[in-house]
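So the sequences go chain by chain: D and U.
Anchor point for the first sequence: position 34 equals 34 in this note's numbering, and the numbering is continuous, going up by one each time.
Anchor point for the second sequence: position 26 equals 26 in this note's numbering, and the numbering is continuous, going up by one each time.
Notes for the one structure printed next.
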Amino acid sequence: QKEVEQNSGPLSVPEGAIASLNCTYSDRVSQSFFWYRQYSGKSPELIMSIYSNGDKEDGRFTAQLNKASQYVSLLIRDSQPSDSATYLCAVRNYGGSQGNLIFGKGTKLSVKP
Amino acid sequence: GAVVSQHPSWVICKSGTSVKIECRSLDFQATTMFWYRQFPKQSLMLMATSNEGSKATYEQGVEKDKFLINHASLTLSTLTVTSAHPEDSSFYICSATTGDREETGELFFGEGSRLTVL
């Protein structure tokens, strides 16, 4: 059973701080990794995608991937109250239906003003 | 990013009735669409993969006779929950990808449809 694990949180950080979200995955052959943000009652929206080891930065967001450790993380700099949401880590499933993703349960982030 | 639209956003129905949810790709042709389901405080779980012009592929544990999927065109897939029961109450989300995006696995999600079965 392929799994994606996340700490459910809630993770609470003050406004302006760095929020660090972590994710581990079980399928060693996975190549594509994604972070989605999901507001309550809404569908997920893509924040970042990462395919190679190392860091990938996009604005206030930095995704980090370490395939050897089967670990992917998301850093949010200068956190804002509007960043408060559940962040879903997703890994593309190569063994299942073409192109589908395996999602973690999500980490709930709360940014306090 | 590409736009995927779902309808209806909310639906309440009586137990035993059928409900149809539509998923449309508005600005691109979606050769493949995926239907996910999300129960409260749970993650998204893939129900089925829908390919235009062919039968859907269902994930293990998903009843194909209960969750009917039709992908008759490159811009429309429908999910029909037949003989719905309260345990089918959930948030149903479709997503779509074009063939050239499959390598990246970048999915575009619809707004979701919240089904409540009384």
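C-beta atoms are modelled at their ideal positions from N, C-alpha and C, and glycine is treated no differently.
Quick caveat, the model's predicted, so the values are computed rather than measured.
Might you give, ordered along the chain, the residues of its own chain that have their beta carbon closer than 6 Å to the beta carbon of residue 25 of chain U, omitting 5 neighbours on each side? One-based indexing of the second sequence puts residue 25 of chain U at position 25. Result list for residue 25 of chain U: 4, 75, 96, in chain order.
Only counting the same chain, and skipping five residues up and downstream in sequence, which positions put a Cβ closer than 7 Å to that of residue 20 of chain D? Here the question's residue 20 of chain D lines up with position 20 in the first sequence. Here the set comprises 73, 75.
Just to check my reading of the structure: residue 83 of chain D and residue 46 of chain D have Cβ atoms closer than 8 Å, yes? What is that Cβ distance to the nearest angstrom? Working through the first sequence from its first residue, we reach residue 83 of chain D at position 83. Working through the first sequence from its first residue, we reach residue 46 of chain D at position 46. Actually they do not touch by this definition, with Cβ atoms about 15 Å apart.
Between the C-alpha atoms of residue 14 of chain D and residue 43 of chain D, what's the straight-line distance to the nearest angstrom? Against the first sequence, residue 14 of chain D aligns to sequence position 14. Against the first sequence, residue 43 of chain D aligns to sequence position 43. Computed Cα separation, rounded: 25 Å.
In whole angstroms, what separates the C-alpha of residue 114 of chain U from that of residue 66 of chain U? On the second sequence, residue 114 of chain U is found 114 positions in, with the first residue counted as 1. On the second sequence, residue 66 of chain U is found 66 positions in, with the first residue counted as 1. Going from the Cα of residue 114 of chain U to the Cα of residue 66 of chain U covers about 17 Å.
Beta carbons nearer than 9 Å to chain U: which residues of the stretch 39 to 63 of chain D have them? 41, 42, 43, 44, 45, 46, 49, 51
Answer with buried or exposed for residue 37 of chain D, where buried requires no fewer than 16 other C-beta atoms within 10 angstroms of its C-beta. The count along the first sequence starts at 1 and reaches residue 37 of chain D at position 37. Label assigned to residue 37 of chain D: buried.
If residue 169 of chain D sits next to residue 71 of chain D, beta carbons under 8 Å apart, how far is it from one beta carbon to the other, in whole angstroms? Any property of residue 169 of chain D remains undetermined from this structure, which presents chain D solely from 1 to 113.
With a cut-off of 8 Å, do at least 3 Cβ pairs link the stretch 77 to 91 of chain U to the stretch 12 to 21 of chain U? Touching, per the Cβ criterion.
Do residue 68 of chain U and residue 49 of chain U have their C-beta atoms closer together than 8 Å? Stepping through the second sequence from its first residue, residue 68 of chain U is reached at position 68. Stepping through the second sequence from its first residue, residue 49 of chain U is reached at position 49. Cβ distance not < 8 Å, so residue 68 of chain U and residue 49 of chain U don't count as in contact.
Given that a residue counts as buried once 16 or more other Cβ atoms are within 10 Å of its Cβ, and exposed if not, what is residue 77 of chain U? Against the second sequence, residue 77 of chain U aligns to sequence position 77. So residue 77 of chain U ends up on the buried side.
Under 7 Å Cβ to Cβ from residue 17 of chain U, same chain only, skipping five residues before and after it: list those, please. Reading the second sequence from its first residue, position 17 is the one you call residue 17 of chain U. Once the five neighbours on either side are set aside, the close Cβ partners of residue 17 of chain U are 84.
Whole angstroms are fine: how far does the CA of residue 61 of chain U sit from the CA of residue 92 of chain U? Your numbering for residue 92 of chain U matches position 92 in the second sequence. Your numbering for residue 61 of chain U matches position 61 in the second sequence. If you take the alpha carbons of residue 92 of chain U and residue 61 of chain U, they lie about 16 Å apart.
Rounded straight-line distance, which links the Cα of residue 42 of chain U to that of residue 105 of chain D: Here residue 105 of chain D refers to the residue found at position 105 of the first sequence. Here residue 42 of chain U refers to the residue found at position 42 of the second sequence. Each residue's alpha carbon lies about 6 Å from the other.
Chain-order list of residues whose beta-carbon lies under 7 Å from that of residue 93 of chain D (same chain, five-residue window excluded): Within the first sequence, the letter at position 93 stands for residue 93 of chain D. Around residue 93 of chain D, the same chain offers 2, 100, 101, 102 as residues with beta carbons nearer than 7 Å, after the five sequence neighbours per side are excluded.
Can you name the residues of chain D whose CB is closer than 7 Å to the CB of residue 53 of chain U? Sequence index remark: in the second sequence, residue 53 of chain U carries index 53 (1-based). None at all; the shortest Cβ gap to chain D is about 15 Å.
Per-residue contacts from residue 147 of chain U into chain D (C-beta, under 9 Å): Residue numbering for chain U in the displayed model covers 1 to 118; residue 147 of chain U lies beyond these limits and cannot be assessed.
Secondary structure at residue 27 of chain U, three-state DSSP: helix, strand or coil? As a first step, residue 27 of chain U must be located in the second sequence, where it is residue number 27. It is coil, neither helix nor strand.
Identity of the residue in D:66, D:32, D:22 nearest residue 7 of chain D by Cα: If you number the first sequence from 1, residue 7 of chain D lands on position 7. In this structure, D:22 is the residue among D:66, D:32, D:22 with its C-alpha nearest to the C-alpha of residue 7 of chain D.
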